[in-house]
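Just add 339 to the spot in the sequence shown (first one is 1) and you have the numbering used here. Positions of the beta carbon are idealized from the N, C-alpha and C atoms, including for glycine. On a predicted model such as this, the values are computed, not experimentally measured, just so you know. The structure appears below as structure tokens.
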Amino acid sequence: MRRFICAALAALYLTIPALAVETLPEESFSLSCTAAVLMERQTGTVLYEKEAHRHLSPASVTKVMTLLLTMEAIDSGALSYDDTVTGSAHAASMGGSQIWLKEGEQMR
């Protein structure tokens with residue numbers, strides 16, 4: 340009986356690779372974006388790249404980064420939701436997306 344079970348398990352293990360899903364070749368994978376990089380988090384291995392070294396403007400990623408840094412500052416206690424922000428000359432001179440806060444103007 341033990342031989343039969345071992346033989347059945349061996350046959351089962353030999354058929355498992357036949358049930359694997361077929362992977363598509365890299366050539367058939369395409370994205371509609373200008374550039375992309377997909378990395379494995381722990382090793383940093385690049386799994387996919389498209390125009391990875393092309394210099395592009397960060398666009399809305401800056402808004403997400405601003406939110407992330409603000410929330411981290413609130414979590415660490417460096418800022419609170421009730422803090423008043425005063426616009427600096429440097430911030431007022433910036434172009435792009437902004438809240439139109441003039442130099443010296445305050446917002447809570």
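task: Can you tell me which of the three DSSP states Ala-375 falls into?
output: strand
- request: Have a look at the DSSP bridge pairing and note the partners of Tyr-387.
  value: Leu-377
- prompt: According to DSSP, which residues form a beta bridge with Gln-445?
  reply: Gln-445 is bridged to Thr-425.
- prompt: Under 8 Å between the Cβ atoms of Ala-374 and Lys-389?
  reply: yes
query: Does the distance from the CB of Met-446 to the CB of Val-424 come in under 8 Å?
result: yes
field: Rounded distance between the beta-carbons of Ala-428 and Leu-440, thought under 8 Å
entry: About 11 Å; that fails the 8 Å criterion.
field: DSSP three-state assignment for Pro-312, whether helix, strand or coil
entry: In this structure the chain extends from 340 to 447, so residue 312 is not present and cannot be described.
task: Along the alpha helix (DSSP H) that carries Ala-412, what are the first and last residues, could you check?
output: Here the alpha helix (DSSP H) through Ala-412 covers 400-415.
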